[in-house]
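Take a look at the structure below.
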């Protein structure tokens with residue numbers, strides 16, 4: 016039964032109200048703790064001087080040994096300049112830090128990845144690139160986060176080409192992987208094929224551009240994709256995009272076979288799928304536009320805090336399947352289902368990069384997890400509390416990296432499964448143990 020808008024808004028405000036109490040109580044969300052034994056003070060002679068000189072010399076002779084002697088192989092930098100944060104916009108690096116700490120928390124608890132937030136006081140893309148290259152001495156991977164477009168594309172493309180460690184932008188590849196997973200299962204339910212469906216995409220930011228790229232790699236026909244930005248449908252005559260927005264200009268060249276012009280309703284007419292990552296609603300997408308879509312339409316409206324249209328309104332207008340970005344509705348398209356497992360698998364095989372094919376492998380693993388549990392119209396993809404999803408993704412990603420020749424380590428599927436499960440279990444159980452023993456204090460109102 017649909018709840019009122021007033022109740023929905025009240026529910027939407029509650030996490031923020033709790034956050035204002037609990038963030039100062041805990042003074043942030045992450046800390047650095049030892050992972051080695053400290054049996055007595057004599058052990059510091061092993062971990063620091065003079066004993067530490069031996070592994071240092073070993074690494075000097077063979078730099079790859081840094082992955083054996085240190086935590087580099089499990090350490091990821093969460094890098095942001097705070098220019099496009101969580102629907103808040105350009106709020107700066109300090110204001111972005113709570114988000115990046117939260118990202119690091121999810122990395123650890125869900126994927127067993129040691130992540131550290133690095134919010135940089137620069138908006139210069141070349142400086143961001145330079146800093147990330149300098150960080151390669153310490154970190155085994157870099158997660159770019161909440162960086163405005165178009166520079167986010169340039170930063171990612173440059174670092175993927177030049178860096179010796181895996182670099183990805185979660186707002187691009189992460190969102191794409193989880194979205195494609197949901198689409199795979201939605202299409203199974205409505206019995207339609209990737210290559211045949213018409214797709215309307217509302218919003219032409221980093222997320223939707225990356226989603227379109229991964230969709231095409233997964234088997235969707237680019238000619239059947241119609242993308243809309245704030246000025247209308249992308250088509251071959253949008254020459255104003257050619258210089259400043261090369262990614263949008265590329266979309267203009269490869270999509271929209273029928274040269275459709277206009278805005279959102281024209282793009283949605285006859286579409287089998289709507290993917291909206293645009294202005295928060297609930298009136299950005301109108302019911303009458305949903306009615307223009309094909310039979311058994313699939314609607315992904317993923318703006319936060321409110322989707323572009325309320326799910327019950329979309330269904331009332333004829334949509335068969337609806338997904339949003341919110342946890343209080345069915346079918347949440349949640350990046351947290353992607354990046355912890357994807358990075359886990361990447362780090363487990365010490366991959367040099369994260370390819371789109373690795374993201375598609377993660378999407379397929381996500382989709383299969385839901386399919387095995389009994390997918391249906393309100394359960395397209397797993398939820399965050401299904402812990403087995405993350406090692407499944409990790410194994411799929413690791414095996415794809417080995418297949419593509421970008422992995423430094425070669426492992427069997429069984430070895431990868433055992434490794435990822437052990438690391439993820441350790442992260443969750445150690446956190447639970449700290450809470451149980453009062454080292455993480457219980458928050459009481």
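Residue numbers (the working numbering): 16 to 460. Don't be surprised by glycine CBs; every beta carbon is placed ideally from N, CA and C.
The alpha carbon of residue 444 has as its nearest neighbour, out of 97, 96, 125, the alpha carbon of 125.
By the Cβ-count criterion, residue 352 is buried, with 16 or more other Cβ atoms from all chains shown falling within 10 Å of its own Cβ. Residue 453 carries a coil assignment under DSSP once its states are collapsed to helix, strand and coil. Annotated as proximal: residue 233 and residue 195, with beta-carbon spacing under 8 Å. The beta-bridge partner set that DSSP reports for residue 268 is empty. Beta-bridge annotation (DSSP): residue 244 is paired with 247. Rounded to the nearest whole angstrom, the CA to CA distance from residue 39 to residue 405 is 30 Å. By the Cβ test, the stretch 166 to 179 is not in contact with the stretch 119 to 137, since fewer than three Cβ pairs between them sit closer than 8 Å. Taking 8 Å as the cut-off, the beta carbon of residue 407 is found no closer than this to the beta carbon of residue 416.
Fully enclosed alpha helix (DSSP H) runs of no fewer than 4 residues occupy 59 to 62 of the stretch 26 to 71, in order along the chain.
Taking a contact as a CB-CB distance under 8 Å, the pair residue 288 and residue 214 counts as one, their CB atoms being some 4 Å apart. In this structure, the CA atom of residue 452 is about 29 Å from the CA atom of residue 63. Under the DSSP assignment, residue 331 falls in the alpha helix (DSSP H) whose first and last residues are 326 to 331. Secondary structure note for residue 339: its beta strand (DSSP E) is the uninterrupted segment 334 to 339. Judged by DSSP in its simplified three-state form, residue 235 adopts coil rather than helix or strand. The distance from the Cβ of residue 160 to that of residue 139 is about 17 Å, inconsistent with a contact at the 8 Å cut-off.
In the DSSP annotation of this structure, residue 345 is not part of any alpha helix (DSSP H), being labelled neither H nor E. A direct Cα-Cα distance of roughly 13 Å separates residue 359 from residue 183. Taking C-alpha positions only, residue 207 is separated from residue 312 by approximately 10 Å. DSSP places residue 184 in the uninterrupted beta strand (DSSP E) bounded by 182 to 184. Given a length threshold of 4 residues, each whole run of the alpha helix (DSSP H) inside the stretch 81 to 141 is given here in chain order: 81 to 84, 107 to 126. Taking C-alpha positions only, residue 439 is separated from residue 400 by approximately 13 Å. By the criterion of a C-beta distance shorter than 6 Å, residue 228 is surrounded by no residue of its chain, once the five residues flanking it on both sides are discounted. Counting along the chain, residue 315 sits inside the beta strand (DSSP E) bounded by residues 312 to 316. Residue 177 counts as exposed, since fewer than 16 other C-beta atoms from the protein chains shown sit within 10 angstroms of its C-beta. Residue pairing of residue 200 in beta bridges, as defined by DSSP: absent, with no partner found. Note that the stretch 277 to 292 does not touch the stretch 260 to 268; fewer than 3 beta-carbon pairs, one per stretch, sit closer than 8 Å.
When 431, 330, 299 are compared, the shortest CA-CA separation from residue 318 is found for 299. In the structure shown, residue 260 adopts coil according to DSSP, grouped into three states. Only residues of its own chain outside the window of five on either side were considered, and among them 66 have a CB closer than 8 Å to the CB of residue 60, listed in chain order. For residue 320, same chain residues with a beta-carbon under 8 Å away, outside a window of 5 residues either side, are 27, 102, 295, 341 in chain order. Here residue 288 is bridged, per DSSP, to 214, 313. One thing to note: residue 110 has its Cβ no nearer than 8 Å to the Cβ of residue 93.
In the DSSP assignment, residue 360 falls within the unbroken alpha helix (DSSP H) covering 354 to 363. The secondary-structure analysis by DSSP pairs residue 394 across a beta bridge with 391. If you check the CB distance, residue 134 and residue 165 do not come in under 8 Å.
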